[in-house]
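At position 105 of the sequence shown the residue is numbered 378 (the working numbering), and the sequence of numbers has no breaks. So the structure is just underneath, and the comments pick up after that.
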Amino acid sequence: MKHHSDMRGGFPVAGFDTLSGAERVLVRALRHWSDGPEGQDHIARLLLEVMGEARAKTCQRALNDVMGLIGRHGRRKLVRHQPQCACVGADEAVFAHFIMLAATGEREDAMLVGSLIVEGPLLLPLTEAAREAGLYLHRSTLSGMLPSADMAGITVH
């Protein structure tokens, strides 16, 4: 992991209310992940609310893989906002966007965005784990369990 003294990854780039339901779950997961077992239990409960138990467990395993790879091999530590913060930081937005690109089959774009997070040799395993985690969230959006971007009040330009 490279260390930089000037971390701009926390710079606010969006409001939490502008994210789709799946992106909101991903940002919350990133925010809670570093809180250890308590934070990871919070993620498990959040996923369980959104999808059935079997899907939630599989999704969490994939998220654990994503977070583990980023934690061990990230270019730098991702900056996260406090759990209840209403804004979304740059790193949080990139993280959620990366996973949703992977989930929706935009593999090359996902790998390009993923290259901001980890170095080249880890892009494929990270993208595959992101695809699996994001796919469960994307399915939850399609089935109406999570609000889509349109339902989340996002202004499309």
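Here a beta-carbon is modelled for each residue, glycine too, at the ideal position from N, C-alpha and C. For clarity, every value in this text was computed on a predicted model and none was experimentally measured.
(request) Could you please give the first and the last residue of the uninterrupted alpha helix (DSSP H) stretch that includes V286? (result) It is not in any alpha helix (DSSP H) - V286 instead sits in the beta strand (DSSP E) that spans 285-288.
(message) Quick check on the DSSP output: the alpha helix (DSSP H) that includes V323 runs from which residue to which?
(response) 309-323
(request) Just tell me which of W306, Q357, G341, A369 has its CA closest to the CA of L292. (result) A369
(request) Just mark E326 as buried or exposed, buried being the case when its beta carbon has 16 or more other beta carbons within 10 Å. (result) exposed
(message) Counting beta carbon pairs with one atom in the region 348-362 and one in the region 287-302, are three or more of them shorter than 8 angstroms?
(response) yes
(message) Assuming V361 is part of the alpha helix (DSSP H), what are its boundary residues?
(response) Careful: V361 lies outside any alpha helix (DSSP H), inside the beta strand (DSSP E) at 360-362.
(message) Given this structure, state the Cα-to-Cα distance separating L351 from D382, to the nearest angstrom.
(response) Roughly 20 angstroms between the two C-alpha positions.
(message) Using 9 angstroms as the threshold, is the C-beta distance between A403 and V339 below it?
(response) yes
(request) Would you grab the beta carbon distance between A375 and L410 for me? Rounded to a whole angstrom, and I think it's under 8 angstroms. (result) Between L410 and A375 the Cβ distance is about 11 angstroms, and since that is not below 8 angstroms, they are no contact.
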